[in-house]
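Going by our numbering, the first residue of the sequence shown is number 156, and it counts up by one from there.
Don't be surprised by glycine CBs; every beta carbon is placed ideally from N, CA and C.
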Amino acid sequence: MEKYYIFKSVLVALLLITGFGLFVVRVKRRVQLMLAVKGKKEFKLDHIQARIKVLISDVIRQSNVLRKPIPGFAHMLIFFGFLAVQPHSIEMMVQGVYHKFAIADVFPGLFSGYLKFADTIAVFVLVGLGYSLYRRLIKKPKYLSNGRDAKLIILFTAVIIVSFYSYNSFHALLPDYGHDVSHSLTISASLASGLSLPSLSKSSQVIGLEISYWIHLLTILGFLIYIPGSKHLHLLAAIPNVFLKPLGVEKAMIKTDIEDEEAESFGLGKISELNWKNVLDLYSCTECGRCQERCPADRTGKPLSPKEIISHLKHELIDHGDVIINGGETEAIPPLIGQGNEHFNADVIWSCTTCRACEDVCPVNISHLDLLLESRKNQVLMEASFPHEMQDTFNNLENQSNPWGFSNDLRGDWCKGLNVPLMTNHSEPDLLYFVGCAGSFDDNGIKISKAIVQVLKKAGIDFAILGPEERCNGDMARRSGNEYLAQMMIQSNVELLNQYKPKKILTGCPHCYNIMKNEYPDFGGTFDVVHHLDYFYQLIEQGKLEINPQSFGNITFHDSCYLGRWNHIYDTPRKLLTVLNQGRPPVEMNESKDNAMCCGAGGARMFMEETIGSRINNERAKQVLSTQADIVTAGCPFCVTMLRDGIAENSGSMAVKDIAQILVQACG
Ligand code: SF4
Ligand code: SF4
């Protein structure tokens with residue numbers, strides 16, 4: 156036996172050096188690639204306490220994973236069960252080299268308690284794996300990756316757990332072998348007696364134990380070498396990715412220095428132009444498909460799948476790893492768009508509504524939109540390539556600063572006769588109402604603006620508007636990749652607002668709200684911005700707005716993406732509706748709050764034709780109609796228009812209103 160131990164210890168040592176060596180080499184290459192890409196992104200390690208909280212919530216409590224309760228629970232079983240087995244596996248590795256080693260000798264009580272715990276919960280890994288197999292072999296949801304990689308990982312994990320139990324079942328019968336663990340085992344001890352292992356001869360038991368040992372060790376080392384090249388790279392990348400996720404202004408768009416004369420390119424044109432965080436995102440993907448499942452573009456038959464984008468870009472990055480790491484000629488790298496790839500082409504990037512459903516649901520906090528919007532930016536600024544119907548929109552924005560091309564001099568005409576003061580005459584009001592393009596020029600939007608004005612007057616608020624001095628907020632141009640045009644309009648608004656120094660800015664549109672609150676600070680404009688639904692609820696709460704609640708019947712509320720997922724405003728619209736409707740809370744749709752489906756207008760999609768698949772607003776309207784409510788409400792003029800069209804298309808007759816229009820009625 157002594158000779159065997161010597162042979163074993165040499166072989167195990169060699170295997171460990173080789174296995175861990177290959178692992179380190181493969182991980183090092185992934186890190187080199189992450190650091191070699193050309194895109195710029197500042198590395199910020201701020202708000203450590205907040206970041207630790209995010210780690211606890213997303214990794215320890217698995218809060219995002221559990222948004223899909225059954226698969227989430229199965230993942231939890233696998234994750235924690237697998238982790239629990241690892242100290243024991245490490246002990247086995249060391250024992251292979253020096254067979255007398257036992258952690259129990261160092262921490263006697265602690266290790267015995269740990270082993271009992273691990274032995275009890277490891278079986279749940281098999282339960283979780285069983286469910287994963289069921290989903291892949293029987294249920295087969297369209298969005299779930301079901302390739303060789305996924306199945307191989309299930310196999311690796313299952314073999315590690317089974318060999319853990321078989322090793323311990325034999326070990327329970329061999330108290331002289333290493334050290335006595337028989338009192339620290341639960342399931343393994345039962346397995347040993349259930350399988351009648353005590354009836355085997357001692358030498359057979361030792362052979363069984365040794366075979367289990369080698370299977371366990373070789374599988375773990377194989378898995379370790381396999382991880383950096385597989386989807387399980389997320390085991391290494393996900394925790395840093397969650398820790399480094401953007402905090403504070405969670406989702407400001409990347410600001411491009413368009414004045415940079417040395418820049419070879421703007422946006423994302425080639426895989427080498429990713430930034431380090433994009434690469435960490437790609438490495439972190441678990442291919443769970445949740446993003447695809449929620450994506451309104453994918454759900455309505457468009458070619459966009461956020462999961463496939465991540466997977467395609469990851470392969471593209473790895474395929475061009477040598478050129479990128481060696482700093483070679485990037486001419487050798489083909490452009491991302493135009494390769495005829497089904498997962499990343501012009502139809503894909505222009506199908507996105509920027510709804511953020513993908514990012515919101517992603518358990519590892521991947522920023523899909525950085526990839527999509529930077530690609531649009533590159534297409535527009537470098538290739539002058541965009542959907543043909545956007546040409547008119549860009550011209551209108553450039554010439555008249557609104558997407559319809561109305562003369563900007565008429566921007567204040569909607570409130571003629573309403574006695575609304577202009578900032579030019581009344582420059583220091585308590586509130587500046589930033590009306591926005593839809594609120595100024597679109598018929599539906601004007602009705603909402605008038606309702607907002609009526610409520611402000613009823614509450615006796617001292618306010619003014621900019622009128623013809625106001626420009627489009629820049630959101631539409633930014634999200635459609637025309638960063639040059641967007642920055643022109645943003646800078647013009649910021650300059651003007653900085654002159655007036657408004658005490659507070661009220662917006663009637665979530666797109667104005669989002670960009671002014673979250674993106675204007677990058678351009679030197681930091682303002683106190685409030686969305687009208689939040690503001691009106693505050694007025695009622697503070698007793699500054701008297702209302703006369705009425706029975707409006709059943710009301711449902713559509714969460715606009717830029718109010719909900721972009722800015723987490725979910726509760727106030729509901730509270731406001733409840734107060735207005737005599738205490739009756741709104742009827743919730745099956746998909747609401749952070750699960751709400753987009754209306755289809757965001758990301759400048761309002762001004763693009765929707766020629767592929769079914770219309771997103773029609774699908775959302777079906778969900779709205781299924782509530783059988785009397786009125787559907789929103790807090791966005793674009794959503795109101797899209798829902799109205801969708802409901803008409805579905806032959807529905809449900810009324811569509813902004814909550815401000817309900818509030819006006821309750822104000823008498
Ligand atoms: S932002 Fe919305 S539309 Fe765009 S990829 Fe994500 S889920 Fe799909
Ligand atoms: S991007 Fe996120 S949600 Fe989508 S498949 Fe990857 S891990 Fe899952």
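Set against 7 Å, the gap from the CB of Thr-441 to the closest heavy atom of ligand 2 is smaller. Ranked by how close their Cα comes to the Cα of His-666, the residues Ala-756, Phe-262, Asn-750 have Ala-756 in first place.
When only Cα atoms are considered, Leu-265 and Lys-163 end up about 28 Å apart. For Asp-525, the closest of Phe-175, Lys-730, Lys-195 by C-alpha to C-alpha distance is Lys-195.
Contact between the segment 592–609 and the segment 532–551 is absent, with fewer than three C-beta pairs closer than 8 Å. By the criterion of at least three beta-carbon pairs nearer than 8 Å, the segment 732–752 is not in contact with the segment 426–445.
About 12 Å separates the CB atoms of His-523 and His-498; that is not less than 8 Å, and the two are not in contact. By the criterion of a C-beta distance shorter than 7 Å, Phe-561 is surrounded in its chain by Gln-555, Phe-596, once the five residues flanking it on both sides are discounted. For Asp-201, the CB contacts under 8 Å within the same chain, skipping 5 residues up- and downstream, are Leu-402 in chain order. For Ile-710, the beta-bridge partners assigned by DSSP are Ile-786. In summary, Arg-216 is exposed, with fewer than 16 beta-carbon neighbours lying within 10 Å of its beta-carbon over all protein chains present.
DSSP, reduced to helix, strand and coil, places Tyr-286 within a helical segment of the structure shown. Between the segment 178–193 and the segment 380–391, the count of C-beta pairs closer than 8 Å reaches three or more; the two stretches touch.
Separation of Leu-232 and Val-282 (C-alpha to C-alpha, rounded to the nearest whole angstrom) is 8 Å. In this structure Leu-718 does not touch His-687 by the C-beta definition: roughly 10 Å separates them, more than the 8 Å allowed.
Remark: C-beta atoms of His-389 and Val-519 approach each other more closely than 8 Å. Annotated three-state conformation of Lys-432 is helix, per DSSP.
In this model, Met-671 and Glu-583 are separated by some 19 Å (Cα to Cα). Ser-530 counts as buried, since no fewer than 16 other beta carbons sit within 10 angstroms of its beta carbon. Using a C-beta cut-off of 8 Å, the segment 732–739 makes contact with the segment 692–704, since at least three inter-stretch Cβ pairs fall below that distance.
Not one heavy atom of ligand 1 sits closer than 7 Å to the Cβ of His-498.
A direct Cα-Cα distance of roughly 48 Å separates Leu-328 from His-470. About 4 Å separates the Cβ atoms of Cys-513 and Pro-461, confirming a contact at the 8 Å cut-off. Residues Ile-767, Gly-768, Ser-769 of the same chain have their beta carbon placed closer than 7 Å to that of Gly-456, with the five preceding and five following residues left out of the count. Taking the CA atoms as reference points, Thr-508 sits about 40 Å from Phe-178. Its Cα nearest to that of Leu-310, the residue His-371 stands out among His-371, Tyr-159, Glu-765, Val-649.
Under the DSSP definition of a beta bridge, Ala-810 partners with Ile-786. Sequence-distant partners of Ala-487 (beyond 5 residues in either direction) whose C-beta falls short of 7 Å from its own C-beta, in its chain, are Val-478.
Fully enclosed alpha helix (DSSP H) runs of no fewer than 4 residues occupy 598–613 of the segment 594–627, in order along the chain.
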